[in-house]
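Chains as they are written, first to last, in the working numbering: chain C, 7 to 216; chain R, 7 to 216. We put the CB at the ideal spot given by N, CA and C, even for glycine. All remarks here apply to the structure that follows.
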């Protein structure tokens, strides 16, 4: 991951186009959210969903995050996908293919009236199609959840793709070069031991079945 | 990802044991490093390696990170692995299985004499076995790289594993429940278009061949 600009190729680039940004955000499940408390940064992983021009960040394991937002801390939130290992002809040009988005801004804690819908969006992002099968969340459950809204006002992406960008003089090196692609895959659903007999894996989990 | 403590099961837990922490760090390639500049947090993805009691963080695309460390900003660095989607019987208990480590502290910019070795460690982490095939890095390449050392003094892990932890009254819901496992896989190496004929994929990339 380097930001050197090359004459030969420029495989890493900054992207401000919303279509690309939205696609990167929509592909991810986990973001890394950073806030400041007592002049120190804290970064934590948590679940999120993009909803139009905002992201909704799940805050229940991250009371520190919600507290910091309430105290006025700005946020920095990153979503990153690793797409491959760039096997270059030098250590210096060895790199990774990736897509990442970083959002900056002040979050807003959703109020009681907004939270139920936002929480549903997060669950539906995690398991598309799931909500229709579930009982509604209770008021107590909603109250135990905190959700932070962050607008996509100050947002940018970085993308590196393609093969190694070697120095011209390294092209004669007697060494293999290329890319090892990486991706995240899902396996066969594993039933809960307490699952009542006769309940099949639902259709909306079928994309996950190989 | 919730930190509720349950009577029935406690699938999410904080871990301070170094063996677990080291294993999580050693499995990852990308960390999310957060720093503070002008009272604002900034989080960025970058490559790293654990080396004993420290992590070495690659800083070349992240001049802001190196600058912030030089200016005295503390750091917060997270490494997260998503292991699965927890398909619970309620939206509230829907969750993710994951392992994450967060490190806090003040980084140190490695000096010229230390950088070459540290840089090699990062490359060898990215592509184990690779260094033996590569020419040594030049002084100019080393000088263009910045590497930040962060000691594992203030470090902790969180791990969530296992099935859904549903409310007892939800176990009668007529709905599938369980876990959809996730993992990162690597594909078949893709040769660089400029690769000279007759150079085979090296042995150390063989684990990546299915």
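Bridge partners for residue i per DSSP, in chain order?
i: residue 160/C; result: 110/C
i: residue 189/R; result: 191/C
i: residue 105/R; result: 87/R and 165/R
i: residue 155/C; result: 62/C and 114/C
i: residue 184/C; result: 93/C and 197/R
i: residue 80/C; result: 112/C
In its own chain, which residues sit with a C-beta less than 6 Å from the C-beta of residue i, not counting the 5 before and 5 after it?
i: residue 160/C; result: 110 and 111
i: residue 31/R; result: 56, 85 and 107
i: residue 93/C; result: 183 and 184
i: residue 174/C; result: none
i: residue 38/R; result: 49, 51 and 84
i: residue 44/R; result: none
i: residue 207/C; result: 195
i: residue 47/R; result: 40
Apart from the five residues on each side of it in sequence, which residues of its chain come closer than 7 Å, Cβ to Cβ, to residue i?
i: residue 136/C; result: 129, 130 and 210
i: residue 33/R; result: 87
i: residue 198/C; result: none
i: residue 125/C; result: 143, 148, 151 and 153
i: residue 157/R; result: 59, 60 and 111
i: residue 121/C; result: 148, 151 and 153
i: residue 4/R; result: Because chain R spans 7 through 216 in this model, residue 4/R falls outside it and cannot be assessed.
i: residue 53/C; result: 35, 36, 64, 128 and 132
Less than 7 Å between CB atoms is the rule here; does residue i satisfy it with respect to chain R?
i: residue 41/C; result: yes
i: residue 48/C; result: yes
i: residue 201/C; result: yes
i: residue 38/C; result: yes
i: residue 216/C; result: Caution applies to residue 216/C, whose pLDDT of 39 falls short of 50 and renders its modelled position unreliable; the value that the coordinates give is listed next. Not closer than 7 Å to any Cβ of chain R, the Cβ of residue 216/C fails to qualify, so no.
i: residue 195/C; result: yes
i: residue 22/C; result: no
i: residue 26/C; result: no
i: residue 140/C; result: yes
i: residue 111/C; result: no
i: residue 7/C; result: Summary for residue 7/C: the model assigns pLDDT 46, below 50, so the residue's position carries little reliability; its value from the coordinates is reported in the next sentence. Closer than 7 Å to some Cβ of chain R, the Cβ of residue 7/C qualifies, so yes.
i: residue 177/C; result: yes
i: residue 91/C; result: yes
i: residue 147/C; result: yes
i: residue 55/C; result: no
i: residue 100/C; result: yes
i: residue 162/C; result: no
Around the C-beta of residue i, are 16 or more other C-beta atoms found within 10 angstroms, so that it is buried, or is it exposed?
i: residue 23/R; result: exposed
i: residue 164/C; result: buried
i: residue 166/C; result: buried
i: residue 4/R; result: No answer is possible for residue 4/R: the residues shown for chain R start at 7 and end at 216.
i: residue 123/R; result: exposed
i: residue 102/R; result: buried
i: residue 105/R; result: buried
i: residue 100/R; result: buried
i: residue 97/R; result: buried
i: residue 95/R; result: buried
i: residue 180/R; result: exposed
i: residue 113/R; result: buried
i: residue 172/R; result: buried
i: residue 65/R; result: buried
i: residue 203/C; result: exposed
i: residue 79/C; result: buried
i: residue 146/C; result: exposed
Of all the CB atoms in chain C, is at least one closer than 7 Å to the CB of residue i?
i: residue 209/R; result: no
i: residue 97/R; result: yes
i: residue 134/R; result: no
i: residue 190/R; result: yes
i: residue 205/R; result: yes
i: residue 198/R; result: yes
i: residue 169/R; result: yes
i: residue 88/R; result: yes
i: residue 184/R; result: yes
i: residue 84/R; result: yes
i: residue 115/R; result: no
i: residue 174/R; result: no
i: residue 120/R; result: no
i: residue 143/R; result: yes
i: residue 129/R; result: yes
So, for residue i: in the same chain, excluding its five sequence neighbours on each side, which residues have a beta-carbon less than 8 Å away from its beta-carbon?
i: residue 21/C; result: 27, 162, 163, 164 and 165
i: residue 69/C; result: 152
i: residue 189/R; result: 89
i: residue 134/C; result: 210
i: residue 42/R; result: 48, 74, 79 and 80
7 Å is my cut-off, CB to CB: does residue i come that close to chain B?
i: residue 124/C; result: Given the protein chain composition of this structure (C and R), no chain B is represented.
At a threshold of 6 Å, does residue i count as lining the ligand FAD (C-beta to nearest heavy atom)?
i: residue 168/C; result: The model on display carries no ligand, and the ligand FAD is accordingly not part of it.
Subject >> Sequence ranges, beta strand (DSSP E) only - wholly within the stretch 19-72 of chain R, length at least 3 >> reply: Entirely contained in the stretch 19-72 of chain R, the beta strand (DSSP E) runs reaching 3 residues are, in chain order, 36-43, 46-57 and 60-64.
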